[in-house]
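This report refers to the structure that appears directly beneath it.
Protein chains in written order, with this note's numbering: chain A, 8 to 201; chain B, 61 to 396.
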């Protein structure tokens, strides 16, 4: 025996799918399903990578990132502190952080010198990577917002991505940083063009 | 009766959606786009740059806590290694731990020239019950090398029939493509529910810090409390700061996992991961995989580049003692 369901067992007394089973309802449901799938496909967090990029031979690190679909431009968050390669006197300027990304260059590493993204450290000569460093001993800066995909020389600028309907693997080489994170700042506004 | 897994999603235009007839499309396209997601939705399970002594000949071993897919799928592993002098082959062994260690990938014949970068990519199947990975790098002769990073992301191949443990159920065009077939509510729902299942199942690495873990504490590049980093018991040593991006989020939570040890008889709250000017979670460094949940209040809330500054700190269990942070990793999934 199966008891008939009570009306209050339904989430709505008149479920929309029964109330409007005609074409406009289909549009709504289909658009919702499509939007959910297409939004989900690009739903990627970007990790906060913490590492020693200072000691000995660790001043240049390589790591692959997954760039979500529809991404056209990214910016990086760069953590800097003092260290062995930058053990300058107080007030002296450290080396720029450098970022080489495949999409910003020839499709593989190393990229042409002009394609290297350089970011000032925003910190002047300080102490070692760890030591008894307090939080103020490191600084996080964001890479530049200038959109220049054909630079004549290395500069602080947006990271250009290929912009695709599928995720891409982007190898990056990061010089002089102790932390690194990416964020997408511009997605394609017309998926039909990808 | 075909399960189609497109290599790229097919964009449904606004015109496609405008007053559609009761026909297979655009619904079939949307469902197949969800099948595409099964194969190509690939947020990294692990993304880590190793903090490790560089240019040595000895093996380097890392253990990383993981929360893999419930579907026991294949993952693509991408390693980047820098070689020193010599031309000895590189070796990589990847093991997973559930009730014991199981080798899921092993190769000791990776060609490596002198003083160059080596990229090695491979597939490894990670079981749903695994709680951590152990990755061992070696080099023949032995010659010197530096392991730099590993990125591990889903690559399960084409969608297959049946309901997966994640809740994903691949769309088969059999019912929808038959002449005069009904368009059922289940079909409309399945596209979104499949995408939802994948987003909830495939956790995304949002923070990491990894050092060696081979039963030799001296191999840990940066510990807390040795001669060069001696500190008082109440001092928190900054281990890392970096920014994670959690697109479109305002308030969310991440699950934090930690493997750390110390050389004292007891210790508590020795490793802390938190948001700058926000909440934090702490771990006892007892050698096991410890976990906790951290609430994140995003900066730039609701924006494409919403995110948070993550801070990792360590402290010692007692005066003259040492804490070793081997791995801290955090995972997010949409909806948390």
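Glycine residues also receive a C-beta, built at the ideal position from the N, C-alpha and C atoms.
If you're wondering where the values come from, they're calculated on a predicted model, not measured in any experiment.
{"Item": "For residue 255 (chain B), three-class secondary structure by DSSP", "Value": "helix"}
{"Item": "Other residues of its chain near residue 108 (chain A): CB distance less than 7 Å, five sequence neighbours each side excluded", "Value": "166, 177, 179"}
{"Item": "Validate contact between the region 367–387 of chain B and the region 326–346 of chain B using beta carbons, cut 8 Å, 3 pairs", "Value": "yes"}
{"Item": "9 Å Cβ cut-off: residues of chain B touching residue 174 (chain A)", "Value": "100, 101, 102, 103, 213"}
{"Item": "Whether residue 231 (chain B) touches residue 95 (chain B) by CB criterion (8 Å)", "Value": "yes"}
{"Item": "Cβ pair count under 8 Å reaching 3, the region 315–323 of chain B against the region 117–132 of chain B", "Value": "yes"}
{"Item": "Coarse secondary structure for residue 281 (chain A), derived from DSSP in three states", "Value": "The first residue shown for chain A is 8 and the last is 201, placing residue 281 (chain A) beyond what the model contains."}
{"Item": "Meets three-Cβ-pair contact criterion under 8 Å: the region 192–205 of chain B and the region 111–121 of chain B", "Value": "yes"}
{"Item": "DSSP state of residue 98 (chain B) mapped onto helix, strand, coil", "Value": "helix"}
{"Item": "Any chain B beta carbon closer than 8 Å to residue 45 (chain A)", "Value": "yes"}
{"Item": "Segment limits, beta strand (DSSP E) that includes residue 268 (chain B)", "Value": "264–270"}
{"Item": "Within-8 Å CB hit, residue 115 (chain B) to chain A", "Value": "yes"}
{"Item": "Cβ contact check for the region 152–167 of chain B and the region 181–196 of chain B: 3 or more pairs under 8 Å", "Value": "yes"}
{"Item": "Nearest to residue 362 (chain B) (by Cα), restricted to the options B:278, B:305, B:389", "Value": "B:305"}
{"Item": "Within chain B, the residues that residue 68 (chain A) reaches when beta carbons sit closer than 7 Å", "Value": "109, 208, 209"}
{"Item": "Whether residue 383 (chain B) touches residue 269 (chain B) by CB criterion (8 Å)", "Value": "no"}
{"Item": "Option in B:165, B:331, B:392 with minimal Cα separation from residue 348 (chain B)", "Value": "B:331"}
{"Item": "Within-8 Å CB hit, residue 194 (chain A) to chain B", "Value": "yes"}
{"Item": "Secondary structure, beta strand (DSSP E): runs of 3+ residues fully inside the region 185–249 of chain B", "Value": "192–199, 205–214"}
{"Item": "Pair within 8 Å by beta-carbon distance, residue 45 (chain A) and residue 189 (chain A)", "Value": "no"}
{"Item": "Residue 138 (chain B) beta carbon less than 8 Å from that of residue 211 (chain B)", "Value": "yes"}
{"Item": "Chain B residues whose Cβ lies nearer than 7 Å to that of residue 163 (chain A)", "Value": "Per Cβ cutoff of 7 Å: no residues; residue 163 (chain A) is ~17 Å from chain B at best."}
{"Item": "Within 8 Å, strictly: CB atoms of residue 121 (chain A) and residue 161 (chain A)", "Value": "yes"}
{"Item": "Positions along the region 297–311 of chain B whose CB lies within less than 9 Å of some CB in chain A", "Value": "297, 298, 299, 300, 301, 302, 303, 304, 305, 306, 307, 308, 309"}
{"Item": "Closest by C-alpha distance to residue 326 (chain B), when choosing among B:344, B:251, B:313", "Value": "B:344"}
{"Item": "Close-in-space but distant-in-sequence residues of the same chain around residue 296 (chain B) (CB under 8 Å, 5 per side omitted)", "Value": "332, 373, 374, 375"}
{"Item": "Beta-ladder partner(s) of residue 386 (chain B), from DSSP", "Value": "Looking at the DSSP assignment, residue 386 (chain B) forms no beta bridge with any residue, so it has no partner."}
{"Item": "For residue 196 (chain A), three-class secondary structure by DSSP", "Value": "coil"}
{"Item": "Residue 255 (chain B) at chain A interface by Cβ criterion, 8 Å", "Value": "yes"}
{"Item": "Nearest to residue 359 (chain B) (by Cα), restricted to the options B:244, B:389, B:225, B:311", "Value": "B:311"}
{"Item": "Option nearest residue 165 (chain B) by Cα separation, candidates B:147, B:184, B:199, B:176", "Value": "B:184"}
{"Item": "Pair within 8 Å by beta-carbon distance, residue 147 (chain B) and residue 130 (chain B)", "Value": "no"}
{"Item": "Neighbour flag for residue 244 (chain B) against chain A, beta carbons, 8 Å", "Value": "no"}
{"Item": "Chain B within 8 Å of residue 142 (chain A), Cβ atoms only", "Value": "Note that residue 142 (chain A) scores a pLDDT of 39, beneath 50, so its modelled location is shaky and nothing firm can be said."}
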